[in-house]
Amino acid sequence: MKYVDEILDTIARAAKVRGTGIAKRSPEYVRQKMLEHKAVVATYEGRFAGFSYIESWSNRQFVANSGLIVADEFRGIGLAKLIKRNIFELSRKMFPQAKIFSLTTGAAVMKMNSELGYRPVTFAQLTDDEAFWKGCESCVNFDILQRNGSRMCLCTGMLYDPKEHETDKTDN
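Converting from the sequence shown to our numbering requires adding 801 to each position, the first position being numbered 1.
Structure, rendered in structure tokens:
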């Protein structure tokens, strides 16, 4: 819990530096994710290093992996990939039947998602839960999403559908 303000500050600074959109979250929201065990917080020798969290939508049919951030001093060492893998595995454990999705403008996140089995999809294939899309209102690119009737934006939607990764039981 002691890292919440630093997490939010790191996310805000990164979005500003990159000029990318990111849904803003309150300290209470991030704390709640931690209390629900729906967050991964990476630390090193007591210092904040990185973060990501899970949110479920559409009556647990969809799960979003969001807020992936790595503190500046820990970039370039593979920590984002480790956090992404951990939040993905946590999502699969907590919501084994849910489709997992991610919205991103970053090539590195797209690559990590692809390695985990996500594929690019249209926004129509993601949750239609209005509460999720409301979270986009704080993004600098929200006007683009609005102009396009919530069908497209600068973000790329990526989806992991567990049904596409089931092994055929008859092969065993």
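Each residue gets a CB set at the ideal place from its N, CA and C atoms; glycine is no exception.
Give the single residue among the options whose Cα lies nearest to the Cα of residue i.
{"i": "R876", "options": "P828, K964, T844 and I855", "result": "T844"}
{"i": "G936", "options": "Y961, G918, S827 and Q926", "result": "S827"}
{"i": "V903", "options": "K839, R948, M802 and G958", "result": "Here residue 903 turns out to be Ser, not Val, going by the sequence shown. Comparing Cα-Cα distances from S903 to each of K839, R948, M802 and G958, the minimum goes to G958."}
Taking residue i as part of the alpha helix (DSSP H), name the residues at either end of that continuous run.
{"i": "A881", "result": "L880 to M895"}
{"i": "S827", "result": "Premise fails: S827 is in no alpha helix (DSSP H) and is neither H nor E."}
{"i": "A865", "result": "Unbroken run through A865 is the beta strand (DSSP E), F863 to V871; no alpha helix (DSSP H)."}
If you follow the beta strand (DSSP E) that residue i is part of, which residue opens it and which one closes it?
{"i": "P921", "result": "R920 to V922"}
{"i": "E856", "result": "R848 to W858"}
{"i": "T906", "result": "Careful: T906 lies outside any beta strand (DSSP E) and carries neither H nor E."}
What residues in its chain sit with their C-beta under 7 Å from that of residue i, if we drop five residues either side in the sequence?
{"i": "G851", "result": "A843, I870, V871, A872, F875, L880, A881 and I884"}
Among the residues of its own chain, which have a CB less than 6 Å from the CB of residue i, if the five just before and after it don't count?
{"i": "K970", "result": "Any answer about K970 is weak, because its pLDDT of 48 lies below 50 and its placement is not dependable; what the coordinates show is given next. Taken in chain order, the list of residues that qualify is empty."}
#### Entry: Continuous beta strand (DSSP E) assignments of at least 3 residues falling wholly in the region 935-971
957-961
### Task
Check whether the region 852-862 touches the region 954-966, counting contact only when three or more Cβ pairs, one atom from each stretch, lie closer than 8 Å.
no
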